[in-house]
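First the structure, in the form of structure tokens, and then the observations on it.
In structure tokens, the structure reads:
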């Protein structure tokens, strides 16, 4: 990695939590400079503009979230075990994720929906990637005779995302993990009563 690439990565990592907590519109160049200890000139020497910083920071935050989830999955698991690993990640990561500002996908989705198309496009990619991973698990389950053949896989993948993100939204807003836990329990019930053979 070149010096410029290292500096660029340092800026991204140093401002990841800042952007997630303050929002992309609420994070100024002065905030970025303060968080990194770098001058505005140095920051703009590594990024074209604040939008580029925001996009790269979002990608970093979303990738980190996906990597943390994937660490709980392995090829020897059944489909149910993989789905439960997703749920367990959200059950067990409340303190860690919320100390960093919450779910970066949801935070950015809410902020960028009508105001920042360049970030909205990144959020759509994240939701699609999340859905694709769940679809992959469910399709593998069908092929291994673990998931019911009649299952509408795409419908369930987005249903699980909706329940998780809705649970996170209510839990974050009310400072109570109970809403997220209720959503995760509901998903577990759906898995056991509607999907597993």
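Residue numbers (the working numbering): 1223 to 1419. Think of the CB as a built atom: it goes at the ideal place given N, C-alpha and C, for glycine as much as any other residue. Nothing here was measured: the structure is a model prediction, and the numbers come from that model.
Straight-line measurement puts the Cα of residue 1262 at about 39 Å from the Cα of residue 1294. Between residue 1340 and residue 1273, the beta carbon gap of about 6 Å places them in contact (Cβ cut-off 8 Å).
Straight-line measurement puts the Cα of residue 1230 at about 44 Å from the Cα of residue 1366. Nearest Cα to residue 1320 within the set 1394, 1409, 1416: 1394.
With a beta-carbon spacing of about 5 Å, residue 1387 and residue 1328 fall inside the 8 Å limit used to define contacts. Taking the CA atoms as reference points, residue 1389 sits about 21 Å from residue 1289. Just so you know, the alpha carbons of residue 1408 and residue 1398 end up roughly 17 Å apart.
In this structure, the alpha-carbon of residue 1276 lies about 6 Å from that of residue 1246. Taking a C-beta distance under 9 Å as the contact criterion, residue 1375 and residue 1392 do not qualify as a contact pair. By DSSP's assignment, residue 1418 forms a beta bridge with 1369. In this structure, the alpha-carbon of residue 1379 lies about 6 Å from that of residue 1357.
At a Cβ-Cβ threshold of 9 Å, residue 1325 and residue 1287 count as neighbours.
Less than 9 Å divides the Cβ of residue 1240 from the Cβ of residue 1257.
Just so you know, the alpha carbons of residue 1265 and residue 1243 end up roughly 20 Å apart. When DSSP states are grouped into helix, strand and coil, residue 1264 belongs to the helix group.
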